[in-house]
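Protein chains in written order, with the working numbering: chain A, 1 to 376; chain B, 1001 to 1376.
Backbone N, C-alpha and C fix where the C-beta goes; we use that ideal spot for every residue, glycine too.
Working notes, structure below.
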């Protein structure tokens, strides 16, 4: 029998790369738009441009185009406190390593993608789950005294939940008072305008020690030609640059120039088109499931994945996952996102929306048909 | 004053990316050959090819072209025990993480590039230095009982030392008997035919638990469009796949196809040209320094860096490094390579040879002039 429990989400996603209809991983796999096609056709020119120009200049240009384009005008570009990494996970692990030198315990948003708790635990950190609603309530969350850092993903994967600006300010101030680091994973920021307030301005104003991870990897179907970005505050006492230097000298300036051009294109309508594609695919999935036992959760979510849920009389998510694989459809069961309490994910699967509309339609039809077979 | 001690080698290399003459990092920065130019011009076609084809097929093709081309015909392609990583350092850290779950102490080759001891230590591992001559002697090295793994870089950076096949077989058998893992970093393999015996055949035959890191990143001036590869044995009980899955779903298939084409080109004369460029630059450096107090060490080395040394009456390497930076020349002082006994590197600097001949000539002239100023 296809093994599910004990498998990481990425392991399940890698199966979906091999065959069948893949709405498993959250990587962008829709067709390139015509203007993106033109940018890809120009990669050899970007290569020669990168050969000619100093790396620092190329890097700052790309960081500025990308981060300013999504509202992050106070990101510390050009200060030495903003490094470009192979991916957001590479950046994430640098944060995990630096935090482990400072604290034993991290409060982590719950649920979230399982590689975050895995990377933190692999550095020896103990984790305390913090539900989303405790982060955006009227008060900063009450945390055990030994918590030395708070780690928040916003927009969160898989729920699409966003930490509003006032709640971030409240959380940052409370962390500053308690001497805790605030680490923010904003990898899905570009997909949701509600997350595009200037987080750096809020963090710097609060006096907290902070780190922020940004990502180009969720946006454009560039076949993993992407970068993650890791920034930290002037007063942040974490050896993040050492962790960076141990892993890389630099990302490819060709990839940085590609990000620069795609971010520019985003500002000229590319982001609007992306948001419409995702919203359209979410609505399509909702419509295809209408009338059956499955429904799309998180109606407010804007990110490129949708959770699908069903009532307690239905099978558990691992069973549904296996049944869907049998029909050639790859999704993710949501148990592993609920890293502290997997049972909370047992009536949820995740469907990727960063796909051609026809693929989401095909996936939706398989889901609807499967659910009809349950005879609930 | 320019700080040297306490800086990692990568930190010093990153300074060299900003200005002056950079023979600091070992990354390939020579001009593209005409056939490499044609491959780069075809990247948009590789992109569309990667869009059309299954990832696994592209990955296996690239791994086969690259690894078979450098003699590694028994590499475990297609078994699930050979993963493609963003870089060799990403692979290295996966090995460090997996080893930390199994042992407290690793015997590590001495000297070697400092990010290797740094990544191992960051995972909480204690290190025991093993000099090169103990690895290729008539007997396997005698190691303290608590050593749970041996980590060897071959060809080694910065010395160019190569572990011969019989010594690898002896070391592997001795590790097998003692229940130790043997980890091999073969990132510079493609530069030295003496390292192109089939390491996988030897490792599998010995019964040892093993991991091997390979790298495309030292060979072609593709501006960090590269991959590292991490392989392990069928009987190797290390959670390397978990460590991989926590960091990435996959590298870019565009980069894999680029490696495929460059490896093919390597077989058609590209490797011969690369070896000649490096050998020519090494000889040029030697000739430019002739008659002065500096000389090129490691005359047998074939890798794309050269150590330069001088007598005990000369200044120490950090002083020389600073003097050279003052003249606009970036090299590396060798202290940090000697991670257990930095003083052993105090009369050594490292000069990168993966450069245009004119750059190495300019660097050699600055070195010769600097050394003449010592009035020894």
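Test item: CB-CB of residue i and residue j under 7 Å
i, j, result
"residue 1264 of chain B", "residue 1050 of chain B", "no"
"residue 1124 of chain B", "residue 1305 of chain B", "no"
"residue 1143 of chain B", "residue 1127 of chain B", "no"
"residue 1140 of chain B", "residue 1183 of chain B", "no"
"residue 1294 of chain B", "residue 1371 of chain B", "yes"
"residue 137 of chain A", "residue 176 of chain A", "no"
"residue 1377 of chain B", "residue 1153 of chain B", "Here chain B covers residues 1001 to 1376 and nothing more, so residue 1377 of chain B does not appear."
"residue 350 of chain A", "residue 307 of chain A", "yes"
"residue 229 of chain A", "residue 209 of chain A", "no"
"residue 1094 of chain B", "residue 1221 of chain B", "no"
"residue 1247 of chain B", "residue 89 of chain A", "yes"
"residue 84 of chain A", "residue 227 of chain A", "yes"
"residue 81 of chain A", "residue 231 of chain A", "yes"
"residue 1008 of chain B", "residue 22 of chain A", "no"
"residue 1158 of chain B", "residue 1339 of chain B", "no"
"residue 333 of chain A", "residue 318 of chain A", "yes"
"residue 1274 of chain B", "residue 1309 of chain B", "no"
"residue 60 of chain A", "residue 39 of chain A", "no"
"residue 1259 of chain B", "residue 1062 of chain B", "yes"
Minimum Cβ-Cβ distance from residue i to chain C less than 7 Å
i, result
"residue 119 of chain A", "Chain labels in this structure do not include chain C; the protein chains are A and B."
As assigned by DSSP and simplified to three states, the class of residue i
i, result
"residue 1027 of chain B", "coil"
"residue 1095 of chain B", "helix"
"residue 1039 of chain B", "helix"
"residue 153 of chain A", "strand"
"residue 1251 of chain B", "coil"
"residue 347 of chain A", "coil"
"residue 334 of chain A", "coil"
"residue 1084 of chain B", "strand"
"residue 375 of chain A", "coil"
"residue 75 of chain A", "coil"
"residue 58 of chain A", "helix"
"residue 1100 of chain B", "helix"
"residue 1313 of chain B", "coil"
"residue 1295 of chain B", "strand"
"residue 148 of chain A", "strand"
"residue 363 of chain A", "helix"
"residue 352 of chain A", "strand"
"residue 256 of chain A", "helix"
"residue 1021 of chain B", "strand"
Where the alpha helix (DSSP H) containing residue i begins and where it ends
i, result
"residue 285 of chain A", "271 to 289"
"residue 1014 of chain B", "1009 to 1016"
"residue 1120 of chain B", "1115 to 1122"
"residue 319 of chain A", "317 to 326"
"residue 173 of chain A", "165 to 178"
Start-to-end residues for the beta strand (DSSP E) that takes in residue i
i, result
"residue 184 of chain A", "181 to 185"
"residue 1202 of chain B", "Looking at the DSSP string, residue 1202 of chain B is not in any beta strand (DSSP E); the run it does join, the alpha helix (DSSP H), is 1199 to 1206."
"residue 1379 of chain B", "One cannot answer for residue 1379 of chain B here, as it falls past the ends of chain B, which runs 1001 to 1376."
"residue 215 of chain A", "209 to 215"
"residue 126 of chain A", "126 to 131"
"residue 109 of chain A", "105 to 110"
"residue 1305 of chain B", "1305 to 1309"
Chain A contact residues for residue i, given Cβ-Cβ distances below 7 Å
i, result
"residue 1041 of chain B", "44"
"residue 1093 of chain B", "247"
"residue 1377 of chain B", "Past the boundaries of the shown model lies residue 1377 of chain B; chain B is included only from 1001 to 1376, so the question cannot be answered."
Contacts that residue i makes with chain B (C-beta to C-beta distance below 7 Å)
i, result
"residue 115 of chain A", "1246"
"residue 337 of chain A", "None at all; the shortest Cβ gap to chain B is about 15 Å."
Chain-ordered chain B contacts of residue i [CB-CB under 8 Å]
i, result
"residue 103 of chain A", "The contacting residues do not exist; residue 103 of chain A stays about 15 Å from chain B at best."
"residue 55 of chain A", "1017 and 1018"
"residue 51 of chain A", "1223"
Check: residue i C-beta below 6 Å from any heavy atom of the ligand SAH
i, result
"residue 234 of chain A", "In terms of ligand content, the structure shown is empty, and the ligand SAH therefore cannot be addressed."
Contact set between residue i and chain A, taken where Cβ atoms lie within less than 8 Å
i, result
"residue 1122 of chain B", "97, 243 and 246"
"residue 1359 of chain B", "Chain A residues near residue 1359 of chain B: none, gap ~14 Å exceeds 8 Å."
Neighbouring residues, chain A, relative to residue i (Cβ below 9 Å)
i, result
"residue 1383 of chain B", "Limits of chain B in this structure are 1001 at one end and 1376 at the other, which puts residue 1383 of chain B out of reach."
"residue 1205 of chain B", "The premise fails here: residue 1205 of chain B is roughly 30 Å from chain A at the closest Cβ pair, so nothing lies under 9 Å."
- Message: At a CB distance below 7 Å, what residues from the region 63 to 90 of chain A approach chain B? Give them in sequence order.
- Response: 86, 87, 89 and 90
TODO: Determine which residues of the region 225 to 256 of chain A have a Cβ less than 9 Å from any Cβ of chain B, and write them out in chain order.
DONE: 225, 226, 241, 242, 243, 244, 245, 246, 247, 248, 249, 250, 251, 252, 253, 254 and 255
The region 1176 to 1189 of chain B: positions lying closer than 9 Å to chain A by Cβ | The residues in question: there are none.
Return the residues of the region 143 to 176 of chain A that lie within a Cβ-Cβ distance of less than 8 Å from chain B, sorted by chain order.
none
request  = Check distances from the C-beta atoms of the region 1026 to 1041 of chain B to those of chain A and list, in chain order, the residues that come in under 8 Å.
outcome  = 1027, 1040 and 1041
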